[in-house]
Amino acid sequence: MPPVFVIARLTIQEASRRRLLLALVILTLIVVGFSAWGFHKITELTRPTEVQLITSQLLIVVTFMYSGVLALSAAVVAGPLISGEVESGLLLSVLARPVKRSEVVIGKWLGLAALVAIYAGGSALLEMIAVDWATGYVPPHPIELTVYVGTEGLALLSLGLVLSTRLSGITGGVIALVAWLMGWIGGVVGDIGTGLQNQAVENIGIVSRLILPTDGLWRGAVYAMEPDVVLAQLRLAGTLGRANPFSAVDPPPIAFLAWVAVWFATMLALSIWSFRTREI
Amino acid sequence: MAAPKGAAASSPAIHTVELTKRFGATVALAGLSMTVPRGEIFGFLGPNGAGKTTAVKLLLGLLGATSGEGWLLGQPIGDLKTRRRIGYLPELFRYQSWLSAREVLALHCELAPLPRSRWKEAIDGALDIVGLSDRADSRVSTFSKGMQQRLGLGAALLGAPELVFLDEPTSALDPIGRHDVRRIIRQMAERGTAVFLNSHLLSEVEQVCDRVAVVDHGRVIASGTMGELLSGSAVRLRVTGLADGQRTKLSSFGPVDDEGEYLTFTKLGPERVPDLVAEIVSLGGRVYEVVPRHQNLEDRFLELLHEEEAPK
């Protein structure tokens with residue numbers, strides 16, 4: 015097996031043996047159970063005509079929690095991904111083998127990316143099954159929703175990985191988390207600019223989404239969860255309909271998605287360059 | 510610079526020319542030039558912070574040299590393919606705590622890489638040599654530091670490498686473990702493996718090494734075979750009644766290792782012993798023991814460091 019896949023397998027094995035996967039599975043099952051109960055309550059407490067509307071909005075809030083858990087987990091796990099093993103000496107004997115540093119970086123990214131994808135896919139599937147069972151509601155674009163939320167986790171993982179090549183695990187993890195929150199706040203500020211029809215303030219949101227595309231991806235996930243009736247109401251509200259971090263009137267533009275691909279490539283290239291030039 | 514064609518097989522295990530490493534204004538290694546022949550056990554000695562680990566990391570390509578050149582097994586340092594023929598036990602040894610000993614060795618077999626058909630034999634052999642066969646399937650997290658160092662040594666031995674770097678390989682081991690490591694090192698050399706032994710444990714180096722280099726402040730201050738290096742003689746005395754000021758008056762008898770009642774003159778010929786004793790007595794000292802002996806590595810090491818520190 016090429017070294018890059020050996021490192022990826024080792025990363026997954028570590029998460030599994032350290033019971034990270036088990037903890038996530040148990041927590042997800044608890045959250046899915048509680049939310050299924052909560053969604054079921056909606057059907058008892060509201061009129062049948064309102065169930066879809068309320069469920070769709072509550073699902074956006076629940077998904078925000080999932081994306082938060084994913085972002086937090088990705089940042090915390092990615093923070094010490096390289097630096098932790100450099101500091102402990104774990105990488106010394108590995109790098110003395112015929113293994114390129116780029117293979118270590120890509121292997122670790124692949125391993126964690128697989129975990130993020132499995133978690134995002136698994137938790138999204140379980141949650142949507144639970145919501146469907148409780149209310150009969152399925153979001154309009156379930157696959158896109160899962161991909162956007164998963165990609166948000168991957169973005170945090172990639173940012174954490176870059177930082178991990180130079181900074182200690184705690185520092186890198188904290189910076190990645192703060193960046194994620196700032197990205198979200200930047201999006202909210204941009205929304206306010208949209209509501210006020212102030213281009214300068216709106217640009218803050220655009221720039222923050224270019225620096226860290228997590229909020230833009232989140233808006234993609236929100237759009238994927240909004241039924242047509244909600245979209246129609248938001249469009250009727252004009253600019254005010256866009257001024258809300260839990261709403262999206264349009265899907266992310268293709269140019270933004272292309273930028274996300276460039277952003278990921280840049281993060282990986284930066285991680286490789288940074289680790290290659292680091293002295294151990 | 511590439512080695513001449515066909516020279517790789519007969520080339521030395523290690524050859525460096527003016528290998529230098531600076532960290533900002535600090536010179537960690539200042540122009541290391543040395544040659545380690547194949548199949549030899551080479552001791553790299555020096556006090557803490559002398560640049561020993563830096564030298565090993567430079568040779569393995571973990572650090573980039575500021576200037577100078579080096580070759581391992583005939584290939585420039587940093588060559589990936591050459592690493593297939595090299596083993597390394599780091600000073601800061603740490604292995605995947607979530608894996609078993611057997612899994613750690615399998616990981617190194619995979620990265621080395623060894624053909625899968627040879628893994629079982631290589632892993633069982635390494636576990637047996639380092640005395641971990643009965644703990645092969647235990648998680649590394651349950652191992653003591655000494656056991657982890659043994660495991661690291663086992664990983665370094667996998668696949669019968671042509672060159673092995675051992676950086677302070679007995680730092681966590683008890684006397685039995687140290688004895689075992691010396692035996693393992695000798696066995697490797699008998700098989701034709703060159704061993705680069707980084708250590709500040711002089712007796713260890715003296716017992717196993719064919720050739721040594723002494724490094725201090727990033728410079729090699731002496732090198733040669735053990736015979737070449739230890740040609741002098743030393744004298745150890747047990748003395749009381751000498752104040753510190755009076756002890757300094759004995760400096761004309763060469764470098765001295767002062768251990769309280771015991772004074773070792775690390776470079777003193779037997780013909781000068783009567784003069785030394787007379788001087789001590791004239792200073793009011795009382796002499797209980799006088800033991801002339803061949804210089805050992807510790808004497809020579811202290812003498813070299815003393816010469817380094819003395820004003821030029």
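Keeping their order, the protein sequence lines are chains B and L.
Take 15 as the starting number for the first sequence in the numbering used here and just add one per residue.
Take 510 as the starting number for the second sequence in the numbering used here and just add one per residue.
Where is the CB? At the ideal position from N, CA and C, for every residue including glycine.
- Contact annotation for G197(B) against chain L: no contact, minimum CB-CB distance about 33 Å [criterion: below 8 Å].
- Under the Cβ distance rule, V118(B) does not count among the residues neighbouring chain L, no pair being separated by less than 7 Å.
- With respect to the C-alpha of V215(B), the residue from W147(B), S182(B), I199(B), I189(B) having the closest C-alpha is I199(B).
- Nothing from the segment 641-654 of chain L brings a Cβ to less than 7 Å from some Cβ of chain B.
- C-alpha of D637(L) to C-alpha of F19(B): approximately 29 Å in a straight line.
- In this structure, DSSP gives H524(L) an extended state, which the three-state scheme calls strand.
- Shown in chain order are the members of the segment 661-675 of chain L whose Cβ falls below 9 Å from a Cβ of chain B: G661, A664, A665, F674.
- Taking the Cα positions, G136(B) is about 26 Å away from V188(B).
- Inter-residue distance for V799(L) and V765(L) is about 14 Å (C-alpha atoms, whole angstroms).
- DSSP lists H803(L) as the bridge partner or partners of S742(L).
- When DSSP reads this structure, S576(L) sits in a beta bridge with T529(L).
- The segment 226-241 of chain B makes no contact with the segment 52-63 of chain B, as fewer than three CB pairs between them are under 8 Å.
- Counting only residues of its own chain and dropping the five nearest sequence neighbours on each side, Q755(L) has a CB closer than 6 Å to the CB of L792.
- Residue-level contact check: I294(B) touches chain L, since one or more beta carbons of chain L fall below 7 Å from its beta carbon.
- A257(B) is outside the set of residues whose beta carbon lies under 7 Å from a beta carbon in chain L.
- E527(L) sits close to G577(L), with the two beta carbons spaced by under 7 Å.
- For R625(L), the enclosing alpha helix (DSSP H) starts and ends at 625-638.
- When CB distances to chain L are screened at a threshold of 8 Å, the residues of the segment 86-104 of chain B falling below it are S102, G103, L104, in chain order.
- Distance from the CA atom of Q211(B) to the CA atom of S222(B), rounded to whole angstroms, is 18 Å.
- In this structure, I789(L) sits away from V782(L), with a CB-CB distance that is not shorter than 7 Å.
- Secondary-structure assignment with DSSP links S519(L) through no beta bridge to anything.
- V20(B) has a beta carbon lying within less than 7 Å of a beta carbon in chain L.
- A direct Cα-to-Cα measurement between A193(B) and T208(B) gives close to 22 Å.
- Counting only runs that start and end inside the segment 210-276 of chain B, there is no beta strand (DSSP E) element of at least 3 residues.
- Q27(B) has its alpha-carbon roughly 23 Å from the corresponding atom of Y80(B).
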